[in-house]
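Chains as they are written, first to last, in my numbering: chain A, 1 to 562; chain B, 1001 to 1562.
Remarks on the structure that follows.
There are 2 protein chains.
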Amino acid sequence: MTTDQPQVSFQTSPERYRHWRLDLSNSAETGVAYLRLDIAEDGGLVPGYELKMNSYDLGVDIELYDATQRLRFEHPEVRAVVMTSAKDRNFCAGANIRMLAQSSHPWKVNFCKFTNETRNGMEDATANSGQTYLAAVNGTAAGGGYELALACERILLIDDNSSAVSLPEVPLLGVLPGTGGLTRVTDKRKVRKDRADVFATKPEGVRGKQAVEWKLVDEVIPKRQWDEAVAERAAAAAAESRRPADAQGVTLPPLQPVHTENEIRYRHVTATLDREQGQVEITVAGPEGDVPDTAERVHELGADFWPLAMTRELDDLILWLRANELELGTWVIRTKGDVEDALAFERVIADYSGSDWLVNEIRHYYKRVLKRLDVTSRSLIALIEPGSCFAGALLELALACDRQYMLDGFLEEEAEEGEPAQIVLSGSNFGVFPMSNGLSRLGSRFYGDDDYLAKLRQETGRRLQAAEAMEFGLVTDAPDDIDWEDEIRIMLEERRSLSPDALTGMEANHRFVGPETMESRIFSRLTAWQNWIFVRPNASGPEGALRRYGTGRRAEFDRKRV
Amino acid sequence: MTTDQPQVSFQTSPERYRHWRLDLSNSAETGVAYLRLDIAEDGGLVPGYELKMNSYDLGVDIELYDATQRLRFEHPEVRAVVMTSAKDRNFCAGANIRMLAQSSHPWKVNFCKFTNETRNGMEDATANSGQTYLAAVNGTAAGGGYELALACERILLIDDNSSAVSLPEVPLLGVLPGTGGLTRVTDKRKVRKDRADVFATKPEGVRGKQAVEWKLVDEVIPKRQWDEAVAERAAAAAAESRRPADAQGVTLPPLQPVHTENEIRYRHVTATLDREQGQVEITVAGPEGDVPDTAERVHELGADFWPLAMTRELDDLILWLRANELELGTWVIRTKGDVEDALAFERVIADYSGSDWLVNEIRHYYKRVLKRLDVTSRSLIALIEPGSCFAGALLELALACDRQYMLDGFLEEEAEEGEPAQIVLSGSNFGVFPMSNGLSRLGSRFYGDDDYLAKLRQETGRRLQAAEAMEFGLVTDAPDDIDWEDEIRIMLEERRSLSPDALTGMEANHRFVGPETMESRIFSRLTAWQNWIFVRPNASGPEGALRRYGTGRRAEFDRKRV
């Protein structure tokens, strides 16, 4: 645990929200939910700042993430979500600047990563859940406030002669819009790059007709028609949705992990923290018990259905470790369970994700959690041992890792009963859970070799032991029982000896081969630049723009261009 | 001028090389040139380090760039270039570490940018010039040494039981391979990502059969067959080339710019340095005199042919300003000349670049210089005034800028004779000079709107004055004579007030919309991460890996993962 920041929990629920109001009062009839930002200024996650002007910090975003998840799982009736503000003339002022100025570099970077993931999740709901987000910008949307709107499918701006959209980070703070703003303006909204340049250097932003002409918003609506027009646009979006009528949502109960000094234990996922070695050993337990044979049975099980339960736990664990355990730089990932059971459960996903809304949600949720792993700045090492169940969807966990080690045979001290370690490919490994660059993890692994991917597809369903897994290129190495312990120990020790920063940069390059998408560009071109800017004195030094903001004193810049 | 570094000139010629030996002794018969790295250890550009182990600094790379340019223009007979080492058992140890350790952050970043551009240029020669680079790795190739080989089309490695290829930056120096290494290993060589991870964390690298199996090299060749096999592979590559037989090269004479305190003057390009305002005014003069009516006439003119002469000057100026004038953060770009003359000259390029090797070279050279502008970390502002000639290929200069301002009418003090400012689209603006993301600059400007591009194509050849240029979205603003001076002055003042770092990050995002290629990924995902790592204490602090390397003391790392 680091001492310079509080422990952060990512669990919450609507009745505990301090900053958002989730209005479902008419959603059964209209299919529309309203999500209203209503920041409690004294509700900052960390002491030292007030959340003025509807500005946010990590705590606000944790609630937003919770709301987006519950809307997807608990509210099948919601087909459109209107994101708006409960404050007068102020949609959202973005990330709180005093919070940024007082935060450590890791905190800022982790905060931006999580907020990015949540915004990507809103776009994912729009694209894959039939739950379309609309921004009803009923006041000024500045910086992260406008970026929140950018993550919505449509942006409606109130025409009241004062409300504007803006990205004032460059001119006011000397940093970039950190939540995808620059990329979404050009790539999603398709704003001309010279206009994007003018916009992002203009602290007061753009409003009215010009905002529409520049494509920064879709529509400006006079104040007196506002509520009605917003409702109409939301209804139109809802009408396009394929979400089912009369479906019953699935409640997401609290997860209740047990935290002890060196362990975090959920029902299906366990993490052992080794502070001395700087690593975490994560074990995901495969499914047990009867396989649901109908979609109805999945609905009955709800949050207890293993794929959903495991995914939620893994999600929470990843977020916890990223925020709270910065010095545990290596994550060793194992699975434990029966290969056939794992395949049987994932067959349920494959069979019903096209026809059942809940199973579809589970599929996309697991996809998003795997994407979190892909952008996690920790070294990820999969250990595939006897008794593991890296099959199909669970094999994606191993493929997301930087390396995969598979034991060939049995360790001496173990009873040589049961079967040796095996992995199994399934349809899940060929595009069901794409990475943010649009490729499957196998497609990334064998980039540019479609023939080989086609060949691998023919191995679907076969149990591959170590020798075959090596031959097919699915694991990095497969030491036998004599070498296993030494090789793994030495590999982990070597990893630990390397520069954490260099590893972060290296892994971010190796994990994303080939094509980029808007989403992956946000994490590469945009975020990498932002991270650089965050550590430069021109932003974060004592005379930097971020630290001087609001003091009445101008920042002093080193004018050298780098 | 900054005081902490020497002034750097990018001009040289083979007889002045200290580090490379360009062997053309058999090229007339074989079509093969040998480029041998033979570092003079005492020939560092800056005092304070010795270039041991065939390691390089900026001075070495300036010679390499010169060699690659001369090979293209002066040696049409060269169809394959063998890049190898003149030292025994040592191909190249990469960038000199003491040089990196003692260099300022801007120096390191600028050095990496230039070396990247040169390596991209080698790939461009291979792809577009019929001049294929082969790496004959006759000793160990470490770090930047291996990255040099990676920029070649094929990599041959000597099999002598000791020579290996390696990327030891992460384990030894705590930084990334800074010249495209990680990206080329995965995207070009298609090395599996887990193997890439092992490789990039293994200081001793990989040799022999494993290097082939992992696709790190194409072939290993026993020592006794080495010379013969290399010559054979080079001959095979040369045989594929479409470069003409019996062509005469064009000599590239020294440029001889005149440097005075506030001006750099070439024949066609002039730069006025305004240190107080932190800006440079660059004026490119259009062509004068008779338009060559045959390819033969272009050959007679040679380096005096305006498109080549202007491109060489612009290239040299960009490199000079980037290296030597870090505090001049805004470049104001103008052209001066006759629109019809500019179009007439570029018609020569259009007419002959498909059939004449020299004209083809000029086209691709101008393309590369425009790409340099695209990745230049300065604010680029085009001013389009009466008497300018932003037409076709020269219009690309304006389109490469962050903003374009066009005067509507005439300034009062000017005689209202002649014509108002105009721009002209030509075929050159629709893909002849692609950016590194594969799009034309118009394609980037109107990203995702192919219909609009098709519409613009119909305007080809028309003189567009300010009002039409605005209407077509080709300029950012078109103030009239009353507003022009104030608007431009205020715009430049505002630009100057912004954080140089934030501008660099913002511009790097806005200029590259949409798709990424291997080349653009090197500048985005890889370089942006590298820049971040370079400024982190884990690399560059007093206990950082870069500073501690070779001292016998281990680096001390802040273990927090960011």
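Glycine included, C-beta positions come from ideal geometry on N, C-alpha and C.
As the structure is a prediction and not an experimental result, all values here were calculated from the model.
- Per DSSP, the beta-bridge partners of Glu1263(B) are Thr1260(B) and Thr1272(B).
- Leu1358(B) is positioned such that its CB atom lies closer than 7 Å to that of His1299(B).
- Contact check for Leu1425(B) against Glu1459(B) passes: the beta carbons are separated by less than 7 Å.
- For Pro1171(B), the chain A residues whose Cβ falls inside 7 Å of its Cβ are Leu498, in order along the chain.
- Gly1354(B) and Gln1422(B) have their C-alpha atoms roughly 29 Å apart.
- Here Gln225(A) is exposed. Its C-beta has fewer than 16 other C-beta atoms within 10 Å.
- Under the DSSP definition of a beta bridge, Ile1349(B) lacks any partner.
- The beta carbon of Pro6(A) is closer than 8 Å to those of Leu45 and Val46 in its chain, skipping five residues each way along the sequence.
- Distance from the CA of Phe1472(B) to the CA of Arg1462(B), rounded to the nearest whole angstrom, comes to 12 Å.
- When 7 Å is used as the limit between beta carbons, Lys1193(B) is near these residues of chain A: Ser444, Arg445, His510, Arg511 and Val513, in chain order.
- With distances taken between CA atoms, Gln11(A) lies nearest to Pro257(A) out of Arg372(A), Pro257(A), Ile384(A) and Asp293(A).
- One thing to note: His1105(B) has its Cβ within 7 Å of the Cβ of Val1535(B).
- Of all residues in the region 1100-1118 of chain B, those with a C-beta nearer than 8 Å to a C-beta of chain A are His1105, Pro1106, Val1109 and Asn1110, reading in chain order.
- Relative to Val1185(B), the option among Leu1172(B), Glu1169(B) and Ala1200(B) whose CA is nearest is Ala1200(B).
- Closest in alpha carbon position to Glu1419(B), among Gly1387(B), Leu1397(B) and Met1435(B), is Gly1387(B).
- Ala344(A) and Leu474(A) have their alpha carbons spaced roughly 22 Å apart.
- Pairing Asp194(A) with Gln1404(B), the inter-Cα distance amounts to about 8 Å.
- As a beta-bridge residue in DSSP terms, Asn1090(B) pairs with Thr1140(B).
- Contact with chain B is absent for Phe73(A), since none of that chain's Cβ atoms lies less than 7 Å from the residue's Cβ.
- Interface annotation, Asn1026(B): not in contact with chain A, CB-CB separation never under 7 Å.
- Secondary structure of Arg1525(B) (DSSP, three-state): helix.
- Runs of the beta strand (DSSP E) spanning 3 or more residues and lying entirely within the region 302-373 of chain A occur at 330-336, in chain order.
- In this structure, Ile1533(B) sits near Gly505(A), with a CB-CB distance shorter than 7 Å.
- Judged by DSSP secondary structure, Arg1445(B) falls within the alpha helix (DSSP H) whose first and last residues are Arg1441 to Arg1445.
- In the structure shown, Leu380(A) adopts extended strand secondary structure according to DSSP, grouped into three states.
- Per the coordinates, the alpha-carbon of Ala235(A) lies some 20 Å from the alpha-carbon of Arg21(A).
- Between the region 1554-1562 of chain B and the region 317-333 of chain A, the count of C-beta pairs closer than 8 Å reaches three or more; the two stretches touch.
- A check of alpha carbon separations from Asp1486(B) across Leu1148(B), Lys1209(B), Gly1392(B) and Leu1411(B) identifies Leu1411(B) as the nearest.
- Taken atom to atom, the span from the alpha-carbon of Val1280(B) to that of Tyr1065(B) is near 25 Å.
- Of all residues in the region 419-433 of chain A, none places a beta-carbon less than 7 Å from a beta-carbon of chain B.
- The three-state secondary structure of Trp1020(B), taken from DSSP, is strand.
- The alpha-carbon separation between Thr283(A) and Arg1036(B) amounts to approximately 53 Å.
- At least 7 Å separates the CB of Asp408(A) from every CB of chain B.
- In the structure shown, the three-state DSSP call for Leu1058(B) is helix.
- For Leu1176(B), the nearest CB of chain A lies under 7 Å from its own CB, placing it at the interface with that chain.
- Burial check for Gly1550(B): the Cβ neighbour count within 10 Å stays below 16, so the residue is exposed.
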